[in-house]
Each structure stands twice: as structure tokens, then as C-alpha cells.
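Undergrad: The structure follows.
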Amino acid sequence: MKEIGKWLFFIGIFTSLIGLIVYYFNSSFNWLGKLPGDIRLGNGNVRFFFPVTTLIIINVIIFIFFKIYNMIK
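Residue 161 is where the sequence shown ends in my numbering, and the numbering goes up by one at each step.
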């Protein structure tokens, strides 16, 4: 149970840091969601958005972050 608490704390800190970075450097992240490969469809009042490329990039960043964390641990 102690290990789960550590992971939840770590995930909370990581999420808070990402939130602060996006909040304060909002103009630096205008490209996020507008990459080639992000699917945007719209017709009238209906819009569909699926950020495939953005999700892959975020996944790679999180993967690298956890690999570094495991090397330090």
C-alpha cells in the first residue's frame, strides 16, 4: 500500500508541473494539437478531433520520463 501512495504522489506532482508549465507558457504550446497527423473533421455544428500525432509525442515524453525515473531509482 505504501508503494501505491508513492506512485500517486509522484503522478500528482508530475501532473501539477505539467499544468503549471502549460499555464505559464501557453503561447509556446500553440503547435500542440495542430500537428500533421492530427485528425480534424467538421460539418456544420458537428466537430470531431482526434490528436493522433500529439498523443504519440506525449506518450514518448512520458515514457522517457519514467525510464529516467527508473534509472535514478
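Ideal Cβ placement from N, Cα and C applies to all residues, glycine included.
Note that the coordinates shown come from a computational prediction; the quantities given were computed from them, not determined experimentally.
#1: Taking only the alpha-carbon atoms, compute the straight-line gap between Ile-160 and Tyr-112 and give it to the nearest angstrom.
#2: Check whether the Cβ atoms of Arg-128 and Phe-117 sit closer than 8 angstroms, and answer yes or no.
#3: List the endpoints of the continuous beta strand (DSSP E) containing Leu-129.
#4: Starting from Phe-113 and walking both ways along the beta strand (DSSP E), at which residues does that stretch end?
TA: Looking at the atomic coordinates:
#1: Numbered from its first residue, the sequence shown carries residue 160 at position 72. Numbered from its first residue, the sequence shown carries residue 112 at position 24. Whole-angstrom Cα-Cα distance: 28 angstroms.
#2: By one-based count along the sequence shown, residue 128 stands at place 40. By one-based count along the sequence shown, residue 117 stands at place 29. No, the pair does not count as a contact, with Cβ atoms beyond the cut-off.
#3: Counted from its first residue, the sequence shown places residue 129 at position 41. Counting along the chain, the beta strand (DSSP E) containing Leu-129 begins and ends at 127-131.
#4: Along the sequence shown, read from residue 1 onward, the residue named residue 113 stands at position 25. Per DSSP, Phe-113 belongs to no beta strand (DSSP E) and is neither H nor E.
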